[in-house]
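These protein sequences, in sequence, are chains A and B.
This note's numbering puts the first sequence at residues 1 to 112.
This note's numbering puts the second sequence at residues 1001 to 1889.
Idealized CB from N, CA, C, for every residue including glycine.
Only one structure is covered here, and it is reproduced in the block below.
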Amino acid sequence: MKKIEAIIRHYKLEDVKAALTAVGVQGMTVSEVRGFGRQRGHKETYRGAEYTVDFMPKVKMEIVVAEDQLETVVNCICESSRTGQVGDGKIFVSSLEQIVRIRTGESGTEAI
Amino acid sequence: MTTDFSNAIDFSSPQNRREFVATKRREVAARQASGASGIEICNWYSDQMDYLLQQMMTLALAAYDVPANAEFALICVGGNGRRRPAPFSDVDLLLVCSPVAIERIEAVLSAFVRDCWDTGLQLGHSIRTPEDVVGFANEDIQFATSLVDMRFLMGQQQIFDQLDDLVEKKVFRDPVDRFVDACVASRREEWLARGDSVNQLEPDIKRSPGGLRDLHLIRWVTHAQFSDSNPTSLLEHNSIHAQELAVLSQADEFLTSLRLELHCRAGLKQDVLTRDLQLEIVRSRGEAGVDFRKAIEKFMQEYFRQTSRVAEIARRVTETEHHPSLLARIKSVILSPRSPKGFSILDGVLNADDNLVASLKNSPERVMEVFRTAAQHQVALPAELRRVIGTLVAKLPPEPSRKSCHLFRGILRSGLGLPPTLRAIYETKVLDWLIPEVAEIRCLMQFNQYHSYTVDEHTLKTIDEVVAFADDDSPVGAAYDSVRHKATLHAALILHDIGKGRDGDHSLIGEQIAEKVGVRLQVAEHKKQMMMFLVRHHLVMPDIAFRRDLTEQGILTDFARLVSAPESLRMLYVLSVADIKAVGPDVWTDWKGDLLADLYNRTMLILSGRPINHLERERLQLVREHVKANGVPKVETNREQWAEWVDRQLDDLPPFYLMMEDPNQIAHDLENIRQLTDTEVRIEGAYDDETDTVTYHIVASSRYEAGSFHKITGLLSGLRMDIHGAQSCTTQKGTLVASFLVSDNDFVGKVSEFRIEEVCNALSDVLTNKTTVEHIFRRSGLFRMKRKKVIQPVAPHVSIDNDCSEKHTVIDVFAMDSPGLLYTLALVLHQHKLSAQLTRIATNVDQVVDVFYVVDEAGKKIKDGERLHPLWKNLMDELQQLQDELTKQ
């Protein structure tokens, strides 16, 4: 089982959500976050007035999938969230030891 | 109801005790399902628990060889004392004994407590001496209130009686007001922590406003006042009416029964009426049918009906008993603003004299005056006055009079006094008289996980939120401060969700209702249109801010076209923030705030051509410091005198120019202004190789200012240049300061110095009237210029606004870009004898958004409708003609 954390542009959320639903992802957690990577925030210059924005608004999606779904889901996020510009975000994948559905006590892939 | 304990059970076995409790809980569920009275079931269950506790204590005493009448008293307190435990409630007990006896029975008490835990009972207990009880009760109001309903269970009755006397004298009556004030303050804190509203979509039936705790509050206050916690005492002392007593009694049964059901269904201490449980309950009653939403709505409206009446009575009873101190009354009389005739303001409460109250019956206007006075003076209306007004609503005439409407608009204009007054208008149902559609959203449920309150409560909370923006040092605070038509904004907030609960898009339905309301309340046409616009588009801004790329110019241009004017943008922004903040706790985040502010800032820049106000002060200070530090006078002069001169000039120059221009350029322009003679024009051009554009900076004497804008645009267009941006302003003395950003169609790559000089000379000639712009414009090869092919034409749009600037009429023009467009617009303005003092031109691909700040010949705004309409029509006709030419190609 894998946990996918994707940091994407906030306005790409609807597109990514729709694409993930289309490939069969049933659940995800979404949170409002801020951050910067190589984009390092942007600096807006308007006629001599500079406003530096250090942290850009992003959304973080957390999705848990079985290993055989991993590639499909990662590709799906990449394709649906890509604009080609700096600041498109990143995807982090990690292994999970266990998952338990609290209501039923089911565990492992049954609980995804 | 009888209690049968005939079947002997061995209570020394934890398993038997757990089974005993489980059996009784099942029986509670069965009785509840059969429709028995909730209060009677609680009493029955209380007897069962009493029996169990007595058995366990007897066993513990026997185990340690302590007689049953040892020096202690086992006392039930709180809900247990009232004989109202729900199946999974905590078992609240107090063990009282003397300091000497405590050592003898310590082991017994330990065993008893352990056995309770082993039985699965959630014990809330304390072991104290009588003096400790009093001491702790005087420190902790929650403990003190649990003693109001204490009940002897076991041990020595005498110890209990002595404690009862002691608590009565030293806690409840030492003095009475102290205890009452502490009870009320504690409950008010709980109200606030629970959203301060009855109409929550997932209420806690015990602690939310109007819940069981309010019934308890009434009991506590009654007990302190009359030594009897039964609310009947309130009736006997004329604190409530017989009908209200019946309401309390009915609500007590309703809420107690509902709590039992929640505990039984959830199998745990469940006091929150969640959405899932609402559905489960209506289904179990066979009421869900096909439309479960309607069934839930009906069920919850009954809940809100019961709890809102409890909350109202609780608030009134606790208010009635509040007597301001003599000092407070004296201070109030001395320091209060002068009260209007018929009113007196005492300790933050507006009181009406008997004559005025009597006059309310025949005059809706007097009713509205009461509310307006409360709003103006930011004072509360006493409960009795609210009740009297409430009884009059049914007799009000079908339509509010002109004066009533005027008074209501006055209330909407008020600041901090608006939220409590509007609530009073709502609670008395006077709001339903003013806006009949409000009745449709009373206690209206919202079936989503986003909202925490019913539609009516959410609506009232938006008003709480918006008023709090005043003096808030944030983008939304600055925007709210700048809104000129606050009454219209507040009215739009009241109406923004009025279309909910009907079939169709609630924003569109709301717009239609807003139109009807505007007519009913005799709102001026342009304000009615604004109200309708805000209601219709109240979801647009969050939708764009949270779901769209705000760096995409097309999205911004479309949004700017929709809102058309800075005032509507400000109002929509403030409305959007208030709307989100009023959804529920924790919904508003800085993340959302930043995105909305970003959209607001970017759109404001398009519409008004200037950054928003809240940055202005800091920016102007920065410019002032920068110019003084870096500007070097070219003419030898005293530095101090020069600095003073700079200050005067900066005071004269419009903030627009100071906000937008580079401080180095401002310093340079100032030096040019300083050296400028009465007959002179100074023009400089600079090529920028990054953008392949040339910027022409122009400083001209006031004698050449008239018509300068159309001359410059005409000349530049005539010389085959695309104007991408323009700023033009005049100092208070009339000196023209302008800059034009252009690309030269005669050059590919670097524009030569020669060409720049040629253009500078031509500009100078046209400004000093050596040649006419019409001559150059007609002679030019405009017809030879390559016109862009229009794929998707967008209809031109012109908006004229007299609200967003103090001194100027602001004209926003949205149109497809075409050669000579700016000159055409400038010429129309010139023909209408208007002077464009500030302008901002922005081009996005094939669309332009031009903003003109204009004044008439007298330097004033154009307020005369007979001038405005022909101007608008003329601009639209010219734009349409240009667009027709573009689409013909």
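Reduced DSSP category for residue i - H, G, I as helix; E, B as strand; rest coil
{"i": "B/Ala-1036", "result": "coil"}
{"i": "B/Ser-1098", "result": "coil"}
{"i": "B/Arg-1082", "result": "coil"}
{"i": "B/Arg-1840", "result": "strand"}
{"i": "B/Phe-1011", "result": "coil"}
{"i": "B/Ile-1580", "result": "helix"}
{"i": "B/Gly-1415", "result": "coil"}
{"i": "A/Thr-109", "result": "helix"}
{"i": "B/Pro-1796", "result": "coil"}
{"i": "B/Phe-1559", "result": "helix"}
{"i": "B/Cys-1076", "result": "strand"}
{"i": "A/Val-23", "result": "coil"}
{"i": "B/Pro-1364", "result": "helix"}
{"i": "B/Val-1848", "result": "strand"}
{"i": "A/Val-33", "result": "strand"}
{"i": "B/Ser-1752", "result": "coil"}
{"i": "B/Thr-1119", "result": "helix"}
{"i": "A/Ala-66", "result": "coil"}
{"i": "B/Leu-1350", "result": "strand"}
Chain A within 9 Å of residue i, Cβ atoms only
{"i": "B/Trp-1591", "result": "yes"}
{"i": "B/Arg-1548", "result": "yes"}
{"i": "B/Leu-1595", "result": "yes"}
{"i": "B/Phe-1559", "result": "no"}
Candidates the options: closest to residue i by CA position
{"i": "B/Glu-1440", "options": "B/Ala-1424, B/Asp-1497, B/Pro-1398, B/Gly-1410", "result": "B/Asp-1497"}
{"i": "B/Ala-1073", "options": "B/Arg-1402, B/Gly-1120, B/Ser-1126", "result": "B/Ser-1126"}
{"i": "B/Asp-1904", "options": "B/Lys-1863, B/Asp-1722, B/Ser-1764", "result": "Residue 1904 of chain B lies beyond the stretch modelled for chain B, which goes from 1001 to 1889, so this question has no answer here."}
{"i": "B/Val-1828", "options": "B/Val-1848, B/Phe-1852, B/Ser-1805, B/Arg-1188", "result": "B/Phe-1852"}
{"i": "B/Arg-1305", "options": "B/Asn-1448, B/Leu-1444, B/Gly-1714", "result": "B/Leu-1444"}
{"i": "B/Gln-1641", "options": "B/Arg-1674, B/His-1830, B/Phe-1656, B/Tyr-1704", "result": "B/Arg-1674"}
{"i": "B/Arg-1840", "options": "B/Gly-1865, B/Ala-1643, B/Ser-1608", "result": "B/Ser-1608"}
{"i": "B/Lys-1750", "options": "B/Thr-1772, B/Thr-1695, B/Val-1272", "result": "B/Thr-1695"}
{"i": "B/Ile-1463", "options": "B/Ala-1479, B/Ile-1494, B/Ile-1544, B/Val-1483", "result": "B/Ile-1494"}
{"i": "B/Phe-1740", "options": "B/Glu-1297, B/Glu-1690, B/Thr-1713, B/Thr-1731", "result": "B/Thr-1713"}
{"i": "B/Ile-1800", "options": "B/Arg-1520, B/Pro-1870, B/Cys-1116", "result": "B/Pro-1870"}
{"i": "B/Gly-1354", "options": "B/Val-1180, B/Glu-1671, B/Val-1388", "result": "Sequence check: residue 1354 of chain B is Asp here, not Gly. Here the closest residue by C-alpha is B/Val-1388."}
{"i": "B/Met-1530", "options": "B/Val-1540, B/Arg-1173, B/Ala-1565, B/Phe-1559", "result": "B/Ala-1565"}
{"i": "B/Leu-1767", "options": "B/Arg-1755, B/Asp-1549, B/Val-1699", "result": "B/Val-1699"}
{"i": "A/Val-65", "options": "A/Glu-79, A/Cys-78, A/Lys-58, A/Val-93", "result": "A/Val-93"}
{"i": "B/Glu-1457", "options": "B/Gln-1200, B/Val-1091, B/Leu-1539, B/Thr-1232", "result": "B/Gln-1200"}
{"i": "B/Glu-1315", "options": "B/Arg-1402, B/Tyr-1045, B/Leu-1217, B/Ala-1251", "result": "Note that residue 1315 of chain B is Arg in the sequence shown, not Glu. Answer by Cα proximity: B/Leu-1217."}
{"i": "A/Glu-32", "options": "B/Cys-1729, B/Val-1587, B/His-1808, B/Asp-1765", "result": "B/Val-1587"}
{"i": "B/Gln-1032", "options": "B/Ala-1224, B/Cys-1183, B/Leu-1260, B/Gly-1195", "result": "B/Leu-1260"}
{"i": "B/Val-1742", "options": "B/Arg-1025, B/Lys-1711, B/Gln-1376, B/Tyr-1687", "result": "B/Tyr-1687"}
{"i": "B/Leu-1521", "options": "B/Ala-1492, B/Pro-1542, B/Asp-1503, B/Ile-1544", "result": "B/Ala-1492"}
Below-9 Å beta-carbon distance, residue i vs any chain B residue
{"i": "A/Val-33", "result": "yes"}
{"i": "A/Gly-41", "result": "Summary for A/Gly-41: the model assigns pLDDT 47, below 50, so the residue's position carries little reliability; its value from the coordinates is reported in the next sentence. By this cut-off, A/Gly-41 is not an interface position."}
{"i": "A/Thr-104", "result": "no"}
{"i": "A/Thr-83", "result": "yes"}
Closer than 8 Å: residue i CB and nearest the ligand GTP heavy atom
{"i": "B/Ala-1565", "result": "Annotation note on the ligand GTP: not contained in the displayed structure, which lists no ligands."}
In chain order, which continuous runs of the alpha helix (DSSP H) of length 4 or greater are located wholly inside the stretch 1202-1226 of chain B?
Scanning the stretch 1202-1226 of chain B from its first residue to its last, the whole alpha helix (DSSP H) runs of 4-plus residues come out as 1212-1226.
Tell me the start and end of each unbroken beta strand (DSSP E) in the stretch 1136-1166 of chain B that is at least 3 residues and wholly inside, in chain order.
1151-1155
Select from the stretch 4-35 of chain A all residues with a C-beta closer than 8 Å to any C-beta belonging to chain B, and list them in chain order.
Of all residues in the stretch 4-35 of chain A, only Arg-9, His-10, Tyr-11, Leu-13, Glu-14, Glu-32, Val-33, Arg-34 come within less than 8 Å of chain B when Cβ atoms are compared, listed by chain position.
Pick out the complete beta strand (DSSP E) segments inside the stretch 1672-1749 of chain B, 3 residues or longer, and give them in chain order.
Correct list: 1681-1688, 1693-1700, 1721-1730, 1736-1744.
Every unbroken alpha helix (DSSP H) inside the stretch 1407-1471 of chain B [4 residues or more]:
Positions of the alpha helix (DSSP H) runs, each at least 4 residues long and wholly inside the stretch 1407-1471 of chain B, are given as 1418-1427, 1430-1434, 1455-1468 in order along the chain.
Contiguous alpha helix (DSSP H) assignments of at least 4 residues, all confined to the stretch 1223-1301 of chain B
1232-1236, 1242-1266, 1275-1284
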